[in-house]
Every structure is written in structure tokens, then in C-alpha cells.
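Read the structure below first, then the notes.
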Amino acid sequence: MNTYRLKGAGILTASAIALSLGLTACGGSSGASTASCTPKHQGIQTVAPGKLTVGVIDIPPFSSYNSGKPNGIDIAIVSKIAKDECLEPAYQQATYADAVQSISGGNIDLAVGTIDATEKRLKAVDFSASTYLDGMGIVSKSGATTVSDLEKMNKVGTIDGYLWVEDLKKILGDKLVTYPSSVELKADFDAGRLDADVDAYGVQVLQFKGASGVKVALANEKPDARVGAIAHAPEAAFPMTKGNKSLQDALNAGISAQRADGTITKLLTDAGLSEGLGKVAEKQYVVPAS
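Going by my numbering, the first residue of the sequence shown is number 10, and it counts up by one from there.
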């Protein structure tokens with residue numbers, strides 16, 4: 010999950026001139042609009058007339074390319090916005106390594122898959138309004154929900170590179186063990202070598218779905234000022250073409266409407282996630298450059 014491990018934002022691979030040439034206007038008069046479809050926003054610019062080209066990163070339950078039949082929370086949010094704007098979604102498979110580069114190069118309009126708004130990425134792309142928090146999870150057999158609970162344990166595991174690691178090292182010292190991926194972390198927890206598994210919350214919900222005797226808790230629901238990633242949780246949003254205000258306005262309006270009417274909260278809870286993930290800040294929190 011992209012939550013706390015800040016993947017490389019990529020670099021601009023096309024000049025501003027080339028990028029501007031890649032944008033084509035669409036809206037009320039585009040090929041996607043018909044007499045029976047009136048977009049909520051006129052004159053939206055996209056890389057292909059009448060289409061919203063979306064890069065899909067595989068990170069269930071948030072998004073999955075699914076062999077060309079994308080699904081997930083982010084897909085549902087974007088599909089509704091595209092429908093409201095009379096645009097046909099066109100999905101492409103993407104990765105954290107290439108998504109920002111594909112946007113800045115004018116190949117796709119936006120990307121989905123729990124991508125955090127960061128100062129580094131903002132050098133290459135703009136972001137939509139936040140959709141949900143990218144939360145820190147705690148899995149244990151004892152029912153731990155806070156960092157204070159972790160302090161009472163003998164061994165706690167997490168993934169190297171996440172934003173919370175340095176803060177947890179200061180708090181837990183040699184009680185904290187780091188792993189290269191969720192696979193090794195979960196294996197040691199399952200084997201009883203760890204008292205707690207600290208990982209991206211959304212990943213854990215799927216990993217431990219149906220597992221008996223364990224609790225998956227969203228640490229952000231009980232903030233600890235000692236851990237920056239809990240006190241200020243990264244916020245997922247849709248990175249999009251820099252300077253494309255027409256598209257940004259449409260995305261922001263669509264996301265705000267789906268937050269207000271409870272759609273995003275329902276998508277989260279239907280996927281087995283805490284509704285607390287939907288409690289983003291009034292002003293988008295952008296992760297500072299490290």
C-alpha cells in the first residue's frame with residue numbers, strides 16, 4: 010500500500026508544450042455528450058475527446074485492474090464522476106513507479122490506487138480533493154489499538170520505509186523489528202514471533218479477513234502526537250494533469266458530493282474498512298518532502 014512508503018514521484022518527461030498539445034477539450038459538445046447527457050461542468054479537458062483516461066494501480070480493495078474490468082473503491086468514485094460529466098472511462102494498468110510519469114507525460118488524465126498527496130509529487134502533478142485517509146493499522150491477538158499498547162509488548166513488526174517507522178523506533182527501541190514487505194511481516198506474526206503487526210490498515214483488513222483470534226485496528230482513530238503518521242495521516246487523492254483546472258474542479262466537486270451524501274463512507278464500510286478512513290481534514294494534508 011502506498012500509504013506511508015513514499016514511492017518515487019517520477020520526473021516530468023514531456024515539456025509543457027507537448028503536454029498542452031495532448032489535452033483536448035470535451036464537455037457539452039464532446040463525443041461523449043449527447044442530447045440525453047448534460048455534463049455538470051462544461052469544457053473539461055482530457056487527453057482523449059469524450060474520455061477520462063485512468064491509470065489503475067492494483068491495491069485492493071481500493072482499486073484493481075482485474076484483467077481490464079476494474080473494480081474497487083476508487084473505481085466506483087471515478088466512474089460516478091465520469092458518468093456525471095458525460096465522459097467514458099478508459100482504464101489502463103499502472104504502477105506506483107510509473108503513474109505520475111504517465112500523467113505528466115500526457116498519457117493519462119489521472120491515476121487511482123491510494124496515492125498520497127505529497128509535496129514531492131506536487132512538483133509533477135496536481136491532486137484532486139482527498140478521498141480518504143491512508144491509515145496505519147495494528148493487528149494483534151491482545152486487541153491493541155494504540156501506540157501505548159505497543160509499548161507493553163515484547164516484539165512489534167512493521168515495514169521498512171513507512172512514514173511512521175522512525176517515530177516508532179524512538180518509542181519502541183529494539184522492540185521494533187522491520188521487514189521488507191507485508192509477506193514476511195505477516196509470516197512472523199502468524200508464527201507467533203511478533204506480538205503485533207503494524208502495516209497499512211487497508212492491506213491488513215484483507216490479509217486477516219476471516220482470521221480468528223486477531224483484531225485489526227485503525228491507529229488513526231486514537232491519535233498519538235508522538236507519531237506523525239497518526240497525528241497527520243496521509244490523505245489519498247487522485248493525481249492528475251498539472252494545471253488542468255477544468256478537470257480538477259470536476260473531480261473536486263464529484264468527490265465532495267460523494268463525501269457529503271455518504272457514498273464514500275459506504276464504499277469503505279462495505280469493503281470491511283473503518284468509516285474513520287473517510288474523516289479527511291477540512292484542508293487537504295500534504296505530506297512534506299523528507
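All C-beta atoms in this analysis are idealised placements derived from N, C-alpha and C, irrespective of residue type, glycine included.
Helix, strand or coil at residue i [DSSP, three-state]
i: E97; result: strand
i: N75; result: helix
i: N163; result: coil
i: A103; result: strand
Length of the line joining the Cα atoms of residue i and residue j
i: A41; j: K89; result: At A41, the pLDDT of 42 sits below 50, so the modelled position is not reliable and the matter cannot be decided from this model.
i: K164; j: L282; result: 26 Å
i: D143; j: Y188; result: 20 Å
i: K129; j: K92; result: 31 Å
i: V296; j: N116; result: 26 Å
i: I84; j: Y210; result: 19 Å
i: A259; j: P243; result: 23 Å
i: S157; j: A226; result: 13 Å
i: R235; j: T127; result: 21 Å
i: A266; j: E291; result: 14 Å
i: D125; j: E230; result: 19 Å
i: V223; j: K161; result: 17 Å
i: L256; j: D107; result: 21 Å
i: L181; j: L159; result: 8 Å
i: Q110; j: N253; result: 16 Å
i: T278; j: F71; result: 12 Å
Extent of the continuous beta strand (DSSP E) to which residue i belongs
i: V207; result: A205 to A209
i: I53; result: I53 to T55
i: K49; result: Premise fails: K49 is in no beta strand (DSSP E) and is neither H nor E.
i: I66; result: K60 to I66
i: E244; result: E244 to A246
i: K224; result: K224 to L227
Span of the alpha helix (DSSP H), counted from its first residue to its last, around residue i
i: S149; result: Element bounds for S149: not the alpha helix (DSSP H) but the beta strand (DSSP E), M145 to S149.
i: T278; result: T272 to D279
i: G263; result: K254 to A269
i: A120; result: No alpha helix (DSSP H) contains A120, which is instead part of the beta strand (DSSP E) from L119 to V121.
i: V192; result: S191 to D199
C-beta atoms of residue i and residue j nearer than 7 Å
i: S191; j: D176; result: no
i: Y294; j: H241; result: yes
i: S149; j: V134; result: no
i: L286; j: I82; result: no
i: V56; j: V87; result: no
i: G166; j: L203; result: yes
i: P79; j: Y100; result: yes
Residue i beta carbon near the ligand HEM (any heavy atom closer than 6 Å)
i: P297; result: Judged by which ligands are present, the structure shown has none, so any question about the ligand HEM falls away.
Whole-angstrom C-beta distance between residue j and residue i, which should lie under 8 Å
i: V65; j: V121; result: 6 Å
i: T272; j: E284; result: The pair is not a contact, with the Cβ atoms about 12 Å apart (cut-off 8 Å).
i: S139; j: A245; result: 7 Å
i: A262; j: K132; result: Their Cβ separation, rounded to whole angstroms, is 25 Å, which puts A262 and K132 out of contact at 8 Å.
i: F247; j: S76; result: Rounded, the Cβ-Cβ distance is 22 Å, inconsistent with contact.
i: A228; j: G152; result: Actually they are not in contact, since the Cβ atoms of A228 and G152 sit about 13 Å apart, beyond 8 Å.
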